[in-house]
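*Asks:* One structure, as C-alpha cells, below. Some questions next.
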Amino acid sequence: MRVLRVSHSAVVDEWRGRERALTELGVDVTLLSARGWHAGGTPVTLQPRPGERVVGVRTFGRHPALFVYDPRPIMRTLRTSFDVIDLHEEPFALATAELLLLRALSRRSRRTPVVLYTAQNLRKRYPVPFRWLERWALGEASGISACNADAARIVEDKGFAGRARVIPLGVDAQRFTPSDVSGAENPAGRVGAPAPPAGRVAAPAPAAGRVGAPAPPAGRVAAPAAGRVGAPAPYRDPETAEITVGFLGRLVPEKGVLVLLDAVAREPKLRVRIAGSGPLATELDRLAAARGIGDRVEFVGAIEPDDVVEFYRTLDVLAVPSLPTPSWTEQFGRVAVEAMACGVPVVSSDAGALPDVVGGAGLVVPAGDVDALSAALLEAGGVAAGELRVSGFARAAECTWNAVARDYLDLYRSVVREASDRPAELEVVVVAYGAPAMLRRALEPVAHLPVTVVDNSSLPEIAALCDELGVRYLDPGRNGGFAAGVNVALGDRQRPGADVLLLNPDAVISADDIAVLHRALRADTALASVGPAQVDEDGHVARVEWPFPSPGATWLEAVGLGRVRRPGPGFVIGSVLLLRAEALDQVGGLDERFFLYAEETDWAYRAHLLGWRHAAVPEARALHVGGGTSGDASRRDAHFFASQERYLRKHFGAVGWQSARLGQWLGSMARSVVLSGERGRAARKRAAIYRLGPVRVEGRFRAAADGGPR
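The sequence shown begins at 7 in this note's numbering and counts up by one.
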C-alpha cells in the first residue's frame, strides 16, 4: 500500500514515529512536513534521520489553522499514484483546503481516498469561510482519525458520513522506559506483559528543590535519585516519606499549575518539580513563597526533548491538573502516556480528553478541586503506586507507535476496501418489541445461525423463547428504538468481522434465501447492503428499492410528477437487510437519533456518500407482515414522518427541510381536496402533521408513553 502523509507537526522527530512504524508494517509512506515550525513555543527545524523518506515543505503562516504550504512540491508529489492521501490537519484548516484543491487539480490523484485528522473536542461554529471549508473537507473525506472520542463525535455530527476512528497519539516505547528497563524490554511495549514490581525511590536531591536556589542549566534535568524503577523500593516511612510530584507543560493558568501549587500547600509530604515555559514562569518564586512552600517547589525551566525521559524518572507522580476554558480543553494529554510508559503514576483532572486517556490507568479528579488533587497525589505516590504502575504500563502499550500504526493501517484498509482473505461469515440481529409468537416465526428458520435478539420490551417471555431456541438474548434495559437496539448488538458481536443480517421480528426468510443474499453481496465488492424481494401474507409483492429522499423529490411528488423522477442511487428497505462487514467498519452503526424508520435510509445514504452501492436480490424472497409489532397506526405515522424530518435536516440542512416540509404540506392539502374517503382523511392527517412539525408530533406520543416498536 502506498500512502502520502502530509503533516506540519512531523517536523518534530518524535512525532514521525507513526511513519516509521507504518514503514515497518510494509506500508510505502511518503511524508511531506513543514521545514520548520514552533512546537510548544520552541522553533524546530526538520532534521530527517538517515534513509527517512520525509520532504520539508516551506510554509506561510504559523497558526495551525491559518497556514498554507508552498504548493509546488505538493503538486510534484501528487503526480505519483497513491492508494491513500492522509492529511494530518484539521478539517477547517486552510492547509486542508489547499491540499484538497491541489488533489482535485491533479489528474492522477483526484480520485484517491482522503483521510483527515481532528483533535478539536469543543463544538465550535467557525466563521465563514472556515465553516464552508470544514463542510467541504468532511464531505470529501473517506476516513477520519481523531485523537479523542469527543472530536470523533463532533466531526460525525458535522457531516462526516462514516465512522471517525479514535486513534491515540503515540509514544516511543524505546525511549520512554523506566530507568532500569531497556527499550526492547519496556513493559509498555507489549500488552499484557507483567509490570515491574512496585517500588520507587523518592525524590531528587533536596538541594535543587527550592525556588530561588540555582536552577539546573537550561534544558537539562538532574539525574534521578539512586535506585531503580522496577526494583524493590527501600523502606519508606509512610508518615514521613516525601512524594515528588512533577508537572510538565506550558506555564499558563489553564494548565492548572496554580491549582497544583495549592494542592502541594495542603500536604507537607508533597514536593513538586515544574518543567516548562510560559507567562507564569517568572511568577513561580513569588507564588510558591506566598503559599509558604518555597522550599518544596523546584522550577526546572524548559526541557530539551532529549531530556524529557530523565525528568519523568525523577518523579513519584505526574500531575496533569488542567482547567477547561470556553475556548480550550485538553485534546489528549501526551505527557500522561509518556509518564506511564516510564513507570510513573499519573493524576489528572477531568478536563477534555484526560479521563479517556488516564481513566482506569491513573487517578482522575474534578478540575480545580484542590483537596481532591492533594489526596489523589498522596494516594498515587503511596498505597496505590504499584497498582497504578501496572495499569499505566498497559495503557501506554495501547499508545506505542507500533500500536498506533496498526490502527492507521486498519483505517487505510477500510477506505481502500482491501479484500480480506478470511472466509465470509454471517450473523443475524433481531430487534424485538413484544409479540413473542411473531418473533418465534422469524427465529425458527435462522436459529441454527449466530443470532442475537435485542429485546427493547424486556419481556421474560422473549427471554424464555430465546433460551428455548438457543439464540443469544440481550436486554438493553430501555427502549431506545430500532437503531439503538441494532447498535447494542453491533457493540457486542458474536462474530467480529462478519456480515450482519438485520431481520425484523415481523419478517421471515429461509436459510436458503439467506445464502442467496450472502452470495450476491460477496460477488460485488462495491455492495454495502442487499435485500430480498418481499411479499405480504396474501402474496402481494412489496417494493423494496427506493431512491434516496431529497427536497427536490418531495416537490415532484407534491405536484404529481414523482413517477418522472430520473433513476438514481437508492437504498433497500431494512426489514430484511444484509450489511457488508467492510461497509459497517467504514460507515459505523445506525444513527440513534432515528427512533423508528429511516435509520436504514440514513445508513445507506452515508454509505453512498463514501462510494458504496445497495441492491435488491430478486432471487431471494422473504415474507414481511409490516408493522407487525404495533397496532397503533397513528403512532407509526408519527415516527415515520418524524424520521423523514430528521433525515432531511441532517443531510440537507434547515433550508432543505423547510422546503421539503412546504412541498409535503401543499401536496397533502391538494390531495385532501381531490381525494375522498379514507385517502382524503389520510391526506388531511398528513397535512396536519407537517403543519405542526413531525418531530413535535412524535414527541407528544413519546411523552404519553415510553416505547414504540418496529
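Positions of the beta carbon are idealized from the N, C-alpha and C atoms, including for glycine.
Just so we're clear, the structure is a prediction, and the values are computed from it rather than from any experiment.
#1: Using alpha carbons as the reference points, say which of S581, L445, E598 and A357 lies closest to A548.
#2: Can you give me the Cβ contacts of A613 inside the same chain, cut-off strictly under 6 Å, excluding the 5 residues immediately before and after it?
#3: What is the DSSP secondary structure of H546, reduced to helix, strand or coil?
#4: Starting from I91, trace the beta strand (DSSP E) in both directions and tell me its first and last residue.
#5: Kindly indicate the opening and closing residues of the beta strand (DSSP E) around W43.
#6: Could you check where the beta strand (DSSP E) with A147 kicks off and where it finishes?
#7: Roughly how many whole angstroms lie between the Cα atoms of R685 and M675?
#8: Is F305 helix, strand or coil by DSSP?
#9: Per DSSP, P466 forms a beta bridge with which residues?
#10: Pick from H94, V50, S87 and Q540: whose alpha carbon is nearest that of L38?
#11: Within 10 Å of its beta-carbon, does W407 have 16 or more other beta-carbons around it, so buried, or fewer, so exposed?
#12: For A411, I'd like the list of residues in its chain whose CB is within less than 7 Å of its CB, leaving aside the five on either flank, ordered along the chain.
#13: Following the continuous alpha helix (DSSP H) through R571, name the residue where it begins and the one where it ends.
#14: Compare the Cα-Cα distances from E336 to each of E393, L360, F182 and A45 and report the closest residue.
#15: Under 8 Å between the Cβ atoms of V434 and L509?
#16: Return the residue from the list G683, A709 and T48 that minimises the CA-CA distance to P311.
#17: Look up A239 in the DSSP assignment and say whether it is helix, strand or coil.
#18: Below 8 Å between beta carbons: does that hold for A755 and L254?
#19: In this structure, how does DSSP classify S580 when only helix, strand and coil are distinguished?
#20: Buried or exposed: which applies to A221, given that a residue is buried once 16 or more other Cβ atoms fall within 10 Å of its Cβ?
#21: Please name the residue or residues paired with V123 in a DSSP beta bridge.
#22: Would you say G67 and L417 are within 8 Å of each other, going by their C-beta atoms?
#23: Who pairs with I520 in a beta bridge, going by DSSP?
#24: What are the start and end residues of each continuous beta strand (DSSP E) run of 3 or more residues lying completely inside the region 346–385, in chain order?
#25: Please work out which residues of its chain come closer than 6 Å, Cβ to Cβ, to T669, disregarding the five sequence neighbours upstream and downstream, and give them in chain order.
#26: May I have the straight-line CA-CA distance separating I309 from P555, to the nearest angstrom?
#27: Evaluate the contact criterion for the region 374–383 versus the region 265–280: three or more CB pairs, one atom per stretch, below 8 Å.
#28: How should D542 be labelled, buried or exposed, when 16 other C-beta atoms within 10 angstroms of its C-beta is the threshold for buried?
#29: Given a cut-off of 8 Å on the beta-carbon distance, is the pair V437 and A517 in contact?
#30: Find out if the Cβ-Cβ distance for the pair Y439, N493 is shorter than 8 Å.
#31: Based on Cα-Cα distance, which residue from A45, L84 and L106 lies nearest to V74?
#32: Pull up the distance between the alpha-carbon of A610 and that of V258, whole angstroms please.
#33: Name the residue from L455, R181, R55 and V251 whose alpha carbon lies nearest to the alpha carbon of D313.
#34: Does DSSP classify Q180 as helix, strand or coil?
#35: When you compare only the Cα positions, how much space is there between V9 and R419?
#36: DSSP three-state call for T320: helix, strand or coil?
*Replies:* Looking at the coordinates:
#1: Numbered from 1 along the sequence shown, position 542 holds the residue referred to as residue 548. Cα-wise, what sits closest to A548 is S581.
#2: Counting from 1 along the sequence shown, the entry for residue 613 is found at position 607. Cβ-Cβ distances below 6 Å link A613 to A534, A589 and V593 in the same chain, with the five nearest sequence neighbours on each side left out; the list follows chain order.
#3: Walking along the sequence shown from the start, residue 546 turns up at place 540. Look at H546 here: in three-state DSSP terms it is coil, with no helix or strand label.
#4: Counting from one through the sequence shown, the residue named residue 91 turns up at place 85. Segment V90 to L93, the beta strand (DSSP E) holding I91.
#5: Sequence index remark: in the sequence shown, residue 43 carries index 37 (1-based). Counting along the chain, the beta strand (DSSP E) containing W43 begins and ends at G42 to A45.
#6: Reading the sequence shown from its first residue, position 141 is the one you call residue 147. Membership of A147 in any beta strand (DSSP E) is not indicated, and neither H nor E is assigned to it by DSSP.
#7: One-based indexing of the sequence shown puts residue 685 at position 679. One-based indexing of the sequence shown puts residue 675 at position 669. The straight-line gap separating the alpha-carbon atoms of R685 and M675 is approximately 12 Å.
#8: Here residue 305 refers to the residue found at position 299 when the sequence shown is read from its first residue. When DSSP states are grouped into helix, strand and coil, F305 belongs to the strand group.
#9: Here residue 466 corresponds to residue number 460 of the sequence shown, with the count starting at 1. DSSP lists no partner for P466.
#10: Residue numbering aside, residue 38 sits at position 32 when the sequence shown is read from its first letter. Its Cα nearest to that of L38, the residue H94 stands out among H94, V50, S87 and Q540.
#11: Walking along the sequence shown from the start, residue 407 turns up at place 401. Buried is the call here.
#12: By one-based count along the sequence shown, residue 411 stands at place 405. The beta carbon of A411 sits closer than 7 Å to those of R24, A27, L28 and L31, all from its chain and outside the five residues before and after it, given in chain order.
#13: If you number the sequence shown from 1, residue 571 lands on position 565. Where R571 is concerned, there is no enclosing alpha helix (DSSP H), given that its DSSP letter is neither H nor E.
#14: Position 330 of the sequence shown, counted from the start, is the residue given in the question as residue 336. Closest option to E336, judged by alpha-carbon separation, among E393, L360, F182 and A45: L360.
#15: The count along the sequence shown starts at 1 and reaches residue 434 at position 428. The count along the sequence shown starts at 1 and reaches residue 509 at position 503. At the C-beta level, V434 and L509 come within 8 Å of one another.
#16: Mapped onto the sequence shown, residue 311 falls at position 305. Cα-wise, what sits closest to P311 is T48.
#17: Taking the sequence shown and counting its residues from 1, one reaches residue 239 at position 233. Caution is warranted here: a pLDDT of 37 is assigned to A239, below 50, making its placement in the model unreliable, and no coordinate value can be reported.
#18: A question about residue 755 goes unanswered here, because the residues of the chain that appear run from 7 up to 716.
#19: The count along the sequence shown starts at 1 and reaches residue 580 at position 574. Looking at the sequence shown, residue 580 is not Ser but Gly. In the structure shown, the three-state DSSP call for G580 is coil.
#20: Translated into the one-based positions of the sequence shown, residue 221 becomes position 215. With a pLDDT of only 39 at A221, under the threshold of 50, the placement of this residue in the model should not be trusted; the figure read from the coordinates follows. Exposed, since its Cβ has fewer than 16 Cβ neighbours within 10 Å.
#21: Mapped onto the sequence shown, residue 123 falls at position 117. Reading off the sequence, residue 123 comes out as Tyr, not Val. Answer by DSSP bridge pairing, in chain order: S151.
#22: Along the sequence shown, read from residue 1 onward, the residue named residue 67 stands at position 61. Along the sequence shown, read from residue 1 onward, the residue named residue 417 stands at position 411. Contact flag unset, no.
#23: As a working mapping, residue 520 is identified with position 514 in the sequence shown. Beta bridge pairing from DSSP links I520 with no other residue.
#24: Complete beta strand (DSSP E) runs here, min 3: 352–355 and 369–371.
#25: Numbered from 1 along the sequence shown, position 663 holds the residue referred to as residue 669. It is Gly, not Thr, that sits at residue 669 in the sequence shown. For G669, where only same-chain residues beyond five positions count, the Cβ hits under 6 Å are T560, W561 and A564.
#26: On the sequence shown, position 303 is the one that residue 309 refers to. On the sequence shown, position 549 is the one that residue 555 refers to. So the alpha carbons of these two residues sit roughly 58 Å apart.
#27: Yes, since at least three Cβ pairs between the region 374–383 and the region 265–280 fall closer than 8 Å, the two stretches touch.
#28: Taking the sequence shown and counting its residues from 1, the one referred to as residue 542 is at position 536. It counts as exposed.
#29: The residue given as residue 437 occupies position 431 in the sequence shown. The residue given as residue 517 occupies position 511 in the sequence shown. No, the Cβ-Cβ distance between V437 and A517 is not below 8 Å.
#30: Taking the first residue of the sequence shown as 1, we reach residue 439 at position 433. Taking the first residue of the sequence shown as 1, we reach residue 493 at position 487. Contact flag unset, no.
#31: To locate residue 74, count along the sequence shown from 1; it is residue 68. When A45, L84 and L106 are compared, the shortest CA-CA separation from V74 is found for L106.
#32: In the sequence shown, residue 610 corresponds to position 604, counting from 1. In the sequence shown, residue 258 corresponds to position 252, counting from 1. Computed Cα separation, rounded: 47 Å.
#33: Position 307 of the sequence shown holds residue 313. The shortest C-alpha separation from D313 is found at R181.
#34: Residue mapping note: residue 180 aligns to position 174 of the sequence shown, counting from 1. When secondary structure is reduced to three states using DSSP, Q180 falls in the coil class, being assigned neither helix nor strand.
#35: Looking up residue 9 in the sequence shown gives position 3. Looking up residue 419 in the sequence shown gives position 413. Distance between the alpha carbons of V9 and R419 is about 11 Å.
#36: Start at 1 with the first residue of the sequence shown, and residue 320 comes out as number 314. DSSP, reduced to helix, strand and coil, places T320 outside both helices and strands of the structure shown, so it counts as coil.
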